[in-house]
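Visitor:
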Amino acid sequence: MESHDGSASKQHQYPSSLLFINTIINGKCIRTMIDTGATTSLIKRSTLLRVNYYHHTYGTMGDITLGDGKTTFWQYGSINMRTKINNIKTRVKVMVVDDLAADFILGMDWIKYYHVDILPRKRQLRIHYRRQQIIVKFDEDVPVDVKVAQEYKIFPGTNCIVKVKTSLIDANHLYFKALDHDSQQKERHISRRWTSES
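Structure (structure tokens):
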């Protein structure tokens, strides 16, 4: 819900520009981001531990810098990982890092290897695999109501990290979007509820 003065207004639904699909790693379902801006596929170390895949890591450890030239992550090495998508087994070399905006990111290396077509209007991917085309639907966004822990004043053109309270049990990251351009141009006082997109 959008809030300008502490009161809740009507709810808006805006689809995320982030693309997610469900994959299976070692029998566990992992919500996976498809990122055309990532040259290499990445996975969080904690995700590997959760699916018992960590012992297959090899290579060098050290800092890596993302394409923006500013963001750095600690790399624990790489793995040659198998993942199942719509009952099709795929392989990808994945860099293991300490933190990400998603549990698992399939980058351009995987997209090019499997000749993946992204079909945003149909909300699906088309994977070319062994002379077949496999269709994979995007994992849909789930709106989640949250309450901010305190009142914040956010000025136009600024960013702010806020503490929120929610009934979610298992979520590492939530993605928030401003509801419209006018909201971004005004000073906002947030003290009630705001709908997020995870």
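For the sequence shown, the residue numbers in my numbering are 14 to 211. Think of the CB as a built atom: it goes at the ideal place given N, C-alpha and C, for glycine as much as any other residue. Treat the numbers as computed from the prediction; the structure is a model and nothing was measured.
1) So, at 8 Å on beta carbons, what are the nonlocal neighbours of Y66 in its own chain, with the 5 sequence-adjacent residues on each side left out?
2) Take every Cβ of the segment 113–133, pair it with every Cβ of the segment 41–58, and state whether three or more of those distances are shorter than 8 Å.
3) Use the C-beta contact count for M46: other C-beta atoms within 10 angstroms, 16 or more gives buried, fewer gives exposed.
4) Going straight from the alpha carbon of G133 to that of F33, what length do you get?
5) Given the structure, does Y126 come close to the ligand MG, in the sense that its CB is under 7 Å from one of the ligand's heavy atoms?
6) Counting only C-beta atoms, is Y127 closer than 8 Å to chain D at any point?
7) State the start and end residues of the unbroken alpha helix (DSSP H) segment that holds Y126.
8) Can you check which of these residues, F151, I174, K106, K150, is closest to V7 by C-alpha distance?
9) T36 by DSSP, collapsed to three states: which one?
10) Could you compute how far the alpha carbon of V109 sits from the alpha carbon of G90?
11) Please look up how many angstroms separate the CB atoms of I98 and V64, rounded, as I've assumed it's under 8 Å.
12) Go ahead and pull the three-state DSSP assignment for L55.
13) Closer than 6 Å by C-beta to I101: which residues in its own chain qualify, once you throw out the five before and the five after it? Chain order, please.
14) Mind pulling the alpha helix (DSSP H) runs of 4 or more residues that sit fully within the segment 37–115?
15) Count the other C-beta atoms from every protein chain shown that fall within 10 angstroms of the C-beta of T36, then say buried if there are 16 or more, exposed otherwise.
16) Taking DSSP as the reference, what is the three-state secondary structure of R143?
17) Compare the Cα-Cα distances from D111 to each of K41, P169, T60 and report the closest residue.
Guide: Let me spell this out:
1) Working through the sequence shown from its first residue, we reach residue 66 at position 53. So the qualifying residues of the chain are I38, N39, I92, M94.
2) yes
3) Working through the sequence shown from its first residue, we reach residue 46 at position 33. Buried is the call here.
4) As a first step, residue 133 is located in the sequence shown; it is residue number 120 there, counting from the start. As a first step, residue 33 is located in the sequence shown; it is residue number 20 there, counting from the start. The displayed chain sequence assigns Pro, not Gly, to residue 133. Spanning the two alpha carbons is a distance of roughly 12 Å.
5) In terms of ligand content, the structure shown is empty, and the ligand MG therefore cannot be addressed.
6) In summary, chain D is missing from the structure at hand, where a single protein chain is found.
7) Numbered from its first residue, the sequence shown carries residue 126 at position 113. Here the alpha helix (DSSP H) through Y126 covers 121–126.
8) Since the first and last residues shown for the chain are 14 and 211, residue 7 lies out of range.
9) Position 23 of the sequence shown, counting from 1, holds the residue named residue 36. The DSSP-derived three-state label of T36 is strand.
10) Along the sequence shown, read from residue 1 onward, the residue named residue 109 stands at position 96. Along the sequence shown, read from residue 1 onward, the residue named residue 90 stands at position 77. If you take the alpha carbons of V109 and G90, they lie about 6 Å apart.
11) Numbered from 1 along the sequence shown, position 85 holds the residue referred to as residue 98. Numbered from 1 along the sequence shown, position 51 holds the residue referred to as residue 64. Not really, about 15 Å apart at Cβ, beyond 8 Å.
12) Here residue 55 corresponds to residue number 42 of the sequence shown, with the count starting at 1. In the displayed model, L55 falls within a strand according to three-state DSSP.
13) One-based indexing of the sequence shown puts residue 101 at position 88. The answer, listed in chain order, is Y142, I147.
14) Whole alpha helix (DSSP H) segments, 4+ residues: 58–63.
15) As a position in the sequence shown, residue 36 is number 23, starting the count at 1. Per the 10 Å Cβ criterion, buried.
16) Mapped onto the sequence shown, residue 143 falls at position 130. Residue state, collapsed to three classes: coil.
17) As a first step, residue 111 must be located in the sequence shown, where it is residue number 98. Taking only the C-alpha atoms, the option nearest D111 is T60.
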